[in-house]
Amino acid sequence: MALEQLSEVVQRCQAVHGENFSPEDYGLFQSAGQMCIEQGDSAQVLSIIVDEKNKNIVRCMGWNLLGPLVQVLLKKEDKNLPHCSAILTYLLEVCSPKELLVGLLEQIEEAQSDVIAETITLLLKPLQIVLLKLGRKKASSVGMALSTLLNQVARLPVPGTAEQEVDDVFGLCHCLTALLVFVKPFVEEARENLQENKENELRTEILKFCMKSLHEPLLEVQLKDPDTLEKSPLRNFAAEILSILSSIGESLPDLLSHFLLRKRGVPGFLEEEVRYPKESLACLAHLLFVQHVSMETFPAVLSPEFVLQCNMEYIEFLLSRTEESRLEKGLELYEKSLVRVEDCSLPVDLLELKTFFSVPQHLVKVMTLCPAQRIRTKGLSVFQLSIDKFNTEAKYKFFRCMLKTSHHAGVEGYIIKNIKNQIDSALKPGNANVWFLGTHLLPLLRLVLCLPQGAETDLLHNLDRIMESLNLLRYLLIRDKEWKNETGIWTELYKIEDNYLKPLRTGLNMSKAHYEAELNSAKDSKKSSTGESKTPVCTVTVGDEKLPSMTPEMQIQVLQSALFTFDLMESVLARIEEITEAK
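What follows is the structure in structure tokens.
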């Protein structure tokens, strides 16, 4: 029945001149042709399609058969495959390239999630043939095709291990390899246009393709080391994208320094932001300096300090995100950028740059809030590495800034430990400096040796900071002899006693008394309860989340732990008081 309908509509249309077919003719041709292909009559459809008398009909209407043809070709049914393949080849030869382009992109856009990779690889060659037929005015069509393809590729899961990349179950690697073959003639044409100083809209579209590829999927990908995976489609794709950028006249060093050297007053600045997205350039920096992709093409004359400044913009972007993959790449890029810099060489002027202030703030969040312990640990090691690279004055001002802005007792404790190490170094023969001895050191010590709320400060919450500050003070009193007073601690001691030690002693006494009372109450409550010791007696809410309730035993354990902490704090404080009294 469908075959008869197709024959009838074709015979009727043979008498029509030009393209004056009615909407009814279009509808019947599409529905009947689709039904014939779906029912397995593709051989008969092929004979009708290739008949010279029907060439004009096919040229105008044939592209409507793309949908059913693609469905059969995806199913790979042996009986109909050769005929459907022949029909598609003929349509590519006869039909309007613009209509074919629309039809092919529709098939790619509408692909179901389980056949995205198969659809892309099936239609890339036909799509390339169609685009090449468009001649010099193909740039916008190439751009539309590349954008559509990358949007679909981004839906494919990214392999997490070398084994997954080799198996390529979801087809991402195969798609990316095929995509490089697809884009090659357009890259070559854009390169030739550049050499001949011709109008080069195609170059702009290729640039967009490269930037989008760097964002997705490459920013999501963790490339495997060549020793782990010798032939890596993902690494090859990344290398080819960087090679394409170079071939169309984009300098990798210029791209890297784009945000550092740009002039915000230049007209069209917003366009530049769109053309060179920060996430894409962050991926580029990671590929170059962490994965060493195409690093052999990067000039070695750029100083490590300049490269670090360039990368700080991208490090800030990556560390400001919450996704673990982004945080990991940000830490890796920061580490690799720092490793190349000589210890104690970064000048204090850098701290005036916005990124050198914001990156440590983001690092603090990573170290304290990231759920993944490996990332928190990595964050701490990179944080220390960054401190090691500053010169003495920069270290001093960095410590002062972090004590004022971190608002986290653990981080403040870590900074105080670093201050102690710098003082220890300065006190060694030949190492004296003006920043961690004498006049400059005292304002820093005042920031260290203080209680945020005086005697009412929450000692447990500020435990790390308080213990490190006490350890620093004890160290100074023992290490710096009173008659030398190189650090100035002895002339400052009376202020420290009034402003820090006495309030701390008062706070300790108050806290111990409170917790001892709570402990006695909890023990009495436990004794008085009959067989219900497991009943929750205390609930704690953090944010909007209620934490598990505490039983009497748990409550007693927590209170005892707090009292033990207070005893530890008191023992250090008592030792300091002994030293000061003896002096």
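When we follow our numbering, the leftmost residue of the sequence shown carries the number 9, and every step to the right adds one. We put the CB at the ideal spot given by N, CA and C, even for glycine. No experiment lies behind these values; they were computed from the predicted model shown.
- Buried is the label assigned to residue 226, since at least 16 other Cβ atoms lie within 10 Å of its Cβ.
- Per DSSP, reduced to three states, the secondary structure at residue 574 is helical.
- For residue 137, the enclosing alpha helix (DSSP H) has its first and last residue at 124 to 140.
- If you compare the alpha carbons of 174, 261, 210 with that of residue 232, the shortest gap goes to 174.
- When the beta-carbon positions are compared, residue 338 and residue 370 come within less than 9 Å of each other.
- When secondary structure is reduced to three states using DSSP, residue 354 falls in the strand class.
- Using a Cβ distance threshold of 9 Å, residue 380 and residue 321 do not count as a contacting pair.
- At a Cβ-Cβ threshold of 9 Å, residue 220 and residue 154 count as neighbours.
- Membership of residue 221 in the alpha helix (DSSP H) is indicated by the continuous run 209 to 221.
- Here the stretch 420 to 432 lies against the stretch 469 to 486, with 3 or more beta-carbon pairs under 8 Å apart.
- Inclusion of residue 527 and residue 571 in the CB contact set at 9 Å is warranted, their separation being smaller than that value.
- For a cut-off of 8 Å, the C-beta gap from residue 490 to residue 498 is around 5 Å, short enough to register as a contact.
- In the three-state scheme derived from DSSP, where H, G and I count as helix and E and B as strand, residue 398 is classed as strand.
- Runs of alpha helix (DSSP H) with 4 or more residues, each lying fully within the stretch 373 to 439, are found at 381 to 397, 400 to 413, 417 to 434, listed in chain order.
- Secondary structure at residue 234: coil, using DSSP grouped into helix, strand and coil.
- The alpha-carbon of residue 562 is positioned some 25 Å away from that of residue 465.
- Between residue 130 and residue 222, the C-beta gap is not smaller than 9 Å, which leaves the two residues out of contact.
- Within the same chain, 433 come within 6 Å of residue 439 by CB-CB distance, once the 5 residues on both sides are set aside.
- Residue 162: not part of any alpha helix (DSSP H); DSSP gives it neither H nor E.
- Across the set 330, 305, 161, 298, the C-alpha of 298 shows the shortest separation from the C-alpha of residue 316.
- Residue 453 holds the alpha-carbon nearest to the alpha-carbon of residue 404 among 419, 503, 453.
- The straight-line gap separating the alpha-carbon atoms of residue 469 and residue 417 is approximately 7 Å.
- Counted as a single uninterrupted DSSP element, the stretch harbouring residue 103 is not any alpha helix (DSSP H), since DSSP gives it neither H nor E.
- With 16 or more other Cβ atoms inside 10 Å of its own Cβ, residue 323 counts as buried.
- Restricting attention to 336, 80, 32, the CA atom closest to the CA of residue 44 is found in 80.
- If you draw a straight line from the Cα of residue 390 to the Cα of residue 346, it comes to about 9 Å.
- DSSP assignment within the stretch 456 to 493 yields the following whole alpha helix (DSSP H) runs of 4 residues or more, N-terminal first: 471 to 487.
- For residue 264, same chain residues with a beta-carbon under 8 Å away, outside a window of 5 residues either side, are 289, 292, 293, 296, 315, 318, 319 in chain order.
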